[in-house]
Amino acid sequence: MISRAFLLFPGQGAQYPGMALDILESSPAAQKLFALASSITGRDMKSLLKNSDAETLKRTDISQPAITLANLAAAAWLAEKGIKPSGVAGFSLGEYAALAAAGVLSEEDCFLLAAERGKAMQASADRIKADAGSGSAPGMAAVIGLAPDQVEGLIAEWKKEGAPFDKLFAANINSSRQTVVSGTAEALAESARRFIEAGCKRVIPLAVAGPFHSPLIADAAEAFRPFLEKARFNNPVLPLYSNVSGKPVSSGEEARKLALAQITSPVRWTDEEAAIQSAEGFDVCLEAGPGKVLQGLWKDSGSALPCLAAGTLIDLEKLLA
């Protein structure tokens, strides 16, 4: 029996049509979450997940509350079976489910903030696309095969040259050999060439709406700020780790400040993984939500602590077998 589980909640990009509907059919707690999310967002979330195609779910304003719902539904199913988290973390958007699981946010505020964050980021992405006109809009790319400190060092060195590298930023520190960067189209194109020259295996443009986790979407952070200020942030009741610092969060007020900073700051996932792995008392990690991205990153870290899937009813039932 799982006694001390650490829950990892995935972020945007993990979504798929029909996610969490199997959990909905088998969990009274998940049914309540679906009703709550539908009420707060003004969308019938069951119908949305059942009838939307993958392209629709890519929209930031739609995917963020939907993924948060799928994450919390998985955690609710686990709790119904007696598996409650002993620690939590979430990747980017996934941090909102972690905030709720740690008692920092109510479920109501969690859904409200996920929805408003999605709206703010979508509006920023739309503005950036409009500004680009007929040209290529800013975005993100995965740099494969270089260590994160090497990527960040190269960016810092290139920034001394000015444009276009003044608009290039490390966005997600995913693993020892994978870093995602955000930037203008020109900065991404020129940096891709230079990363390859520096020994990078490949640079993969990502199909995302905008240059997230960078100062290029500072307007999204400012639009989101009033909602963060209005929400109630309690002190965490269990270990909760931050994307921005890579360390445990000590208070509700710290969580509030980090939630704002997270929009324009890199996700330091490798630091979070290292901090979790150095802590004592966890016997398993569970990726509570859609997809298996975080399991892959966890495996890349070389941790002896297992990380298992907990995003579908089949996954969840296997944990009890």
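Heads up, the sequence shown is in UniProt numbering, so the first residue is 1 and it goes up one at a time.
Ideal placement from N, C-alpha and C gives every residue a C-beta, glycine not left out.
Ranges of the beta strand (DSSP E) found wholly within the segment 147–202, counting only runs of at least 3: DSSP runs (the beta strand (DSSP E)) wholly in the segment 147–202: 168–175, 178–183.
Start-end ranges of the alpha helix (DSSP H) lying completely within the segment 50–113, minimum 4 residues: 54–58, 60–80, 94–101
Run of the beta strand (DSSP E) containing Gly139, from where it starts to where it stops: 139–144
Rounded C-alpha distance that separates Lys159 from Leu258: Each residue's alpha carbon lies about 26 Å from the other.
Three CB pairs or more closer than 8 Å across the segment 114–127 and the segment 78–86: no
Cβ distance (whole Å) where Leu113 is taken to contact Leu228 below 8 Å: 7 Å
Residues of its chain near Ser92, where Cβ-Cβ distance is below 6 Å and the 5 sequence neighbours each way are ignored: Gly11, Val267
Per-residue DSSP class, three states only, for Glu287: Assigned with DSSP and collapsed to three states, Glu287 falls in strand.
Status (buried if at least 16 other CB within 10 Å, exposed otherwise) for Glu25: exposed
Terminal residues of the beta strand (DSSP E) in which Ala221 lies: Segment 218–230 is the alpha helix (DSSP H) holding Ala221; no beta strand (DSSP E) there.
Cβ pair count under 8 Å reaching 3, the segment 166–177 against the segment 247–266: Touching, yes.
Any chain D beta carbon closer than 8 Å to Pro290: Of the protein chains in the structure, only one exists, and it is not chain D.
Own chain, CB closer than 8 Å to Met45, minus 5 neighbours either side, in chain order: Phe34, Ala37, Ser38, Pro65, Ala66, Leu69
Identity of the residues DSSP links to Leu308 by a beta bridge: Leu286
Segment contact, 8 Å Cβ cut-off, at least three pairs: the segment 14–30 with the segment 47–57: yes
Three-pair Cβ contact test at 8 Å for the segment 139–155 versus the segment 198–216: yes
Helix, strand or coil at Ile276 according to DSSP, with G and I counted as helix: helix
The segment 241–257 in contact with the segment 109–123 per 3-pair CB rule at 8 Å: no
Local conformation of Val293 per DSSP, three classes: Correct three-state label for Val293: helix.
Bridge partners - Leu8, DSSP secondary structure assignment: According to DSSP, Leu8 bridges with Ala89, Glu287.
Alpha carbon of Gln178 to alpha carbon of Gly296, nearest angstrom: 12 Å
Alpha carbon of Cys307 to alpha carbon of Cys285, nearest angstrom: 4 Å
DSSP-derived helix/strand/coil call for Leu319: helix
Assigned secondary structure, Glu204 (DSSP; H/G/I helix, E/B strand, else coil): Per the sequence shown, residue 204 should be read as Ile rather than Glu. Reduced to three states, the DSSP call for Ile204 is strand.
Local conformation of Pro215 per DSSP, three classes: helix
Alpha-carbon to alpha-carbon, Ser63 and residue 327: Outside the modelled stretch of the chain, which goes from 1 to 321, sits residue 327, for which no answer is possible.
Spatial distance of Phe6 from Gln150 (CA atoms): 30 Å
Inter-residue spacing [alpha-carbon to alpha-carbon] between Ala192 and Pro28: 49 Å
Nearest-angstrom Cα separation, counted from Val181 out to Leu146: 12 Å
Local conformation of Arg117 per DSSP, three classes: It is helical.
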